[in-house]
Amino acid sequence: MSGTEGFDPDRVKCVVWDLDGTLWDEIAVESATDALPVPRARMLAAIDALAARGVLSSIASRSAPSVLGRLDGVPELRARFLAPQVSWQDKSESLRAIAKDLGIAVEALLLVDDSPYERAEVEALLPGVRTLDPAEVPALLAAFEGREETPESRARVHRYRTEETRRAEAERFQGTREEFLRWCGMRLTVGAATPEEIPRALELAARTHRLNSSGLTPDRLRELAGSAGHHLFTAAMTDRFGDYGVIGAALVDGTAPAVRSVPLLALSCRVAGRGAAAAFLFRLMERSRAAGAEEFRVTLRPTDANLEMRILLRQAGLRRTDDTTDAAVGAAAGAAGAVLGRSLHGDLPEPPAWLHVSDREDTEA
Amino acid sequence: MSDTPDRAAVEREIRSMIAEAARLDETFVAELPADADLFGPRIGLTSLAGVALLGAIDRRYGVDVAALDLSLDSLQSIATPSDFVAACLAVRDGG
Chain A
1 MSGTEGFDPD RVKCVVWDLD GTLWDEIAVE SATDALPVPR ARMLAAIDAL
51 AARGVLSSIA SRSAPSVLGR LDGVPELRAR FLAPQVSWQD KSESLRAIAK
101 DLGIAVEALL LVDDSPYERA EVEALLPGVR TLDPAEVPAL LAAFEGREET
151 PESRARVHRY RTEETRRAEA ERFQGTREEF LRWCGMRLTV GAATPEEIPR
201 ALELAARTHR LNSSGLTPDR LRELAGSAGH HLFTAAMTDR FGDYGVIGAA
251 LVDGTAPAVR SVPLLALSCR VAGRGAAAAF LFRLMERSRA AGAEEFRVTL
301 RPTDANLEMR ILLRQAGLRR TDDTTDAAVG AAAGAAGAVL GRSLHGDLPE
351 PPAWLHVSDR EDTEA
Chain B
1001 MSDTPDRAAV EREIRSMIAE AARLDETFVA ELPADADLFG PRIGLTSLAG
1051 VALLGAIDRR YGVDVAALDL SLDSLQSIAT PSDFVAACLA VRDGG
């Protein structure tokens, strides 16, 4: 896909910038000195405007890998980019590597490149990736203008950078994976969403796919969260490398006696593989029991993307119930949804030992 | 069809896929009892590892557990996905 026609900004998590002829006018390897060419001010402004709305930037340049080393010498420029790829390989390969490094789908990338050849190569090999000529950058920015700027979206680039540091440390770490996870000092806190956290919870509802139970829309989430007997919970995570902020949101419906139902559970895949999603779910179950509930239910709408969430629910012991007339199903998931449930009597599953889980200061469940 | 693996062969292969997905030693998983819980302390399958396991099963047998088993009842122990796959293969063979 090329151009901005029919462009859906919510699909784009990272804009990948070409260097020579795009980020700057010159060709870096042809400069007489070791200094990098001066970036175009309007490109830097675009990168910063996107970052404020939570869109990451990366680099795919077909050039000498030494250019990347020179980029490291300009920290204020380097800090704008995650997982940069500078090599002679095809751009489609570079884009694949960037998506893998960032842990996002390759279709969540967008390439800005002045070379029609490179754009065509990426469009041919990665049909889900949109490409733009640098002249189309103003149209790209316009597409993001309506998006709400939240503290979370402004901090997203920083968080991914923290994650890069963490990954580099993990590669250097001498020991088992479990020892490393313990050493990271991960702390998950769970509590009722504060008013400042609500935009982030809505953002998670809109942007998560892999770890999203029902696809409940942000508008519906906002409406239900404000209705009687419903509570919106969030989970925030920190570790020795920094603060990941709110990484999970769950709507809990306590209107039926003895039953706690979850019309939506949504988690960022930024912290995938560290037990945080399971720990959040298990803590919600514990809190429901502490509040007097005997049964815990989650609305599930299976999609092509949310198998990981389904396995998580299975791990938590949630099985299909016959209660398909539950109001939450009709509202959240339509005919394709199901309600999974389990008893809160007996042993509840526990999070991994390396993860410290605690409740934030509040008492409602 | 003669090239359809029998139930015992399926379980042997699935044990090895579980070891790979959960990053465990293959011999260790080969010697666990068939009723060992996939999410229990000995195997400790995570949701991410579970996705890898179901992917491996689909690639090897063409059995898409995620599509066939909504609440993933077959993800209980070593025996249950083996039973599920063997049953699917038997139906496919017209057996």
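Chains as they are written, first to last, in the numbering used here: chain A, 1 to 365; chain B, 1001 to 1095. All C-beta atoms in this analysis are idealised placements derived from N, C-alpha and C, irrespective of residue type, glycine included.
Residue i: buried (16+ other C-beta within 10 angstroms of its C-beta) or exposed?
i, result
"G226 (chain A)", "exposed"
"G54 (chain A)", "buried"
"T1027 (chain B)", "exposed"
"P127 (chain A)", "exposed"
"D243 (chain A)", "exposed"
"K100 (chain A)", "exposed"
"L1068 (chain B)", "exposed"
"I1014 (chain B)", "buried"
"R42 (chain A)", "exposed"
"D1073 (chain B)", "exposed"
"Q174 (chain A)", "exposed"
"A338 (chain A)", "buried"
"I47 (chain A)", "buried"
"D20 (chain A)", "buried"
"S66 (chain A)", "exposed"
"Q85 (chain A)", "buried"
"R210 (chain A)", "buried"
"A328 (chain A)", "Because the pLDDT of A328 (chain A) is 43, which lies under 50, any placement of that residue in the model is unreliable, and the question is left without a value."
"A60 (chain A)", "buried"
"P1041 (chain B)", "exposed"
"A120 (chain A)", "exposed"
"T208 (chain A)", "buried"
Please tell me whether residue i has its Cβ less than 9 Å away from any Cβ of chain D.
i, result
"Q174 (chain A)", "In summary, chain D is missing from the structure at hand, where the protein chains are A and B."
Between the Cα of residue i and those of the options, spot the shortest distance and give me the residue it belongs to.
i, options, result
"L132 (chain A)", "A:R260, A:A276, A:V12 and A:D243", "A:V12"
"M285 (chain A)", "A:R360, A:E350 and A:I47", "A:E350"
"A52 (chain A)", "A:R156, A:S92 and A:I98", "A:R156"
"H356 (chain A)", "A:R177, A:C184 and A:S66", "A:C184"
"D219 (chain A)", "A:A201, A:A228 and A:H209", "A:A201"
"R187 (chain A)", "A:E149, A:R154, A:P195 and A:I247", "A:I247"
"T22 (chain A)", "A:F144, A:A135 and A:E294", "A:A135"
"I1057 (chain B)", "B:M1017, B:R1023, B:D1093 and B:A1009", "B:M1017"
"L265 (chain A)", "A:A279, A:A139, A:D10 and A:A35", "A:A279"
"L221 (chain A)", "A:L211, A:E107 and A:A250", "A:A250"
"G1044 (chain B)", "B:E1020, B:A1008 and B:D1006", "B:E1020"
"R287 (chain A)", "A:C269, A:H345 and A:E118", "A:H345"
"A168 (chain A)", "A:A83, A:E295, A:G273 and A:S2", "A:A83"
"L1070 (chain B)", "A:S358, A:W354 and A:L318", "A:L318"
"A35 (chain A)", "A:R130, A:S63, A:R161 and A:R70", "A:R70"
"E30 (chain A)", "A:S63, A:L348 and A:R289", "A:S63"
"T165 (chain A)", "A:L102, A:D114 and A:S115", "A:L102"
"L50 (chain A)", "A:A235, A:W24, A:L340 and A:D10", "A:D10"
Quick check on residue i: does DSSP put it in helix, strand or coil?
i, result
"H356 (chain A)", "strand"
"G334 (chain A)", "Confidence is the limiting factor: at G334 (chain A) the pLDDT is only 45, short of 50, which leaves the residue's position unreliable and the question unanswerable from this model."
"E129 (chain A)", "The sequence given here has Val at residue 129 (chain A), not Glu. Three-state DSSP puts V129 (chain A) in coil, outside helix and strand."
"P351 (chain A)", "coil"
"V246 (chain A)", "strand"
"G341 (chain A)", "strand"
"G186 (chain A)", "Just to set this straight, residue 186 (chain A) is Met in the shown sequence, not Gly. Note: M186 (chain A) maps to strand in three-state DSSP."
"T363 (chain A)", "Note on T363 (chain A): pLDDT 45, under 50, position unreliable in the model; the coordinate value appears next. Note: T363 (chain A) maps to coil in three-state DSSP."
"E149 (chain A)", "coil"
"Q85 (chain A)", "strand"
"L232 (chain A)", "strand"
"P1005 (chain B)", "coil"
"F180 (chain A)", "helix"
"D101 (chain A)", "helix"
"S213 (chain A)", "coil"
"P257 (chain A)", "coil"
"T165 (chain A)", "helix"
"A266 (chain A)", "strand"
"A328 (chain A)", "Unreliable positioning characterises A328 (chain A) in this predicted model, as indicated by a pLDDT of 43, which lies under 50. The coordinate reading is nonetheless provided below. Helix, per DSSP."
"V15 (chain A)", "strand"
"E294 (chain A)", "coil"
"M1 (chain A)", "coil"
Looking at residue i and the ligand ADP, is the gap between the Cβ and the nearest heavy atom below 8 Å?
i, result
"P349 (chain A)", "Summarising the ligand content, the structure contains no ligands, and the ligand ADP is consequently not present."
Discussion item. Taking 8 Å as the cut-off, does the segment 1034-1046 of chain B touch the segment 1071-1080 of chain B (at least 3 CB pairs, one atom from each stretch)?
Written reply: Judged by Cβ distances under 8 Å, the segment 1071-1080 of chain B makes contact with the segment 1034-1046 of chain B, as three or more pairs qualify.
Worksheet item: Quick one: any contact between the segment 309-320 of chain A and the segment 226-246 of chain A, if contact means 3 or more CB pairs under 8 Å?
Response: Taking 8 Å as the limit for Cβ pairs, the verdict is that the segment 226-246 of chain A does not touch the segment 309-320 of chain A.
Worksheet item: Do the segment 67-80 of chain A and the segment 104-120 of chain A touch if we need at least three Cβ pairs shorter than 8 Å?
Response: Segments in contact, no.
Discussion item. Measuring CB atoms only, is the segment 141-152 of chain A touching the segment 188-207 of chain A, in the sense that at least three cross pairs come out at less than 8 Å?
Written reply: Yes, since at least three Cβ pairs between the segment 141-152 of chain A and the segment 188-207 of chain A fall closer than 8 Å, the two stretches touch.
Worksheet item: Fully enclosed by the segment 1008-1055 of chain B, which alpha helix (DSSP H) runs are 4 residues long or longer?
Response: Counting whole runs of 4 or more residues, the segment 1008-1055 of chain B contains the alpha helix (DSSP H) stretches 1026-1030.
Worksheet entry | Complete runs of the alpha helix (DSSP H) confined to the segment 26-94 of chain A [at least 4 residues] | Segments of the alpha helix (DSSP H) lying fully in the segment 26-94 of chain A: 41-52, 66-72 and 75-78.
Practice prompt. Counting only runs of 4+ residues fully inside the segment 1057-1082 of chain B, write out the alpha helix (DSSP H) ranges in chain order.
Written response: Counting only runs of at least 4 residues, the segment 1057-1082 of chain B fully encloses the following alpha helix (DSSP H) elements, listed from N- to C-terminal order: 1065-1068.
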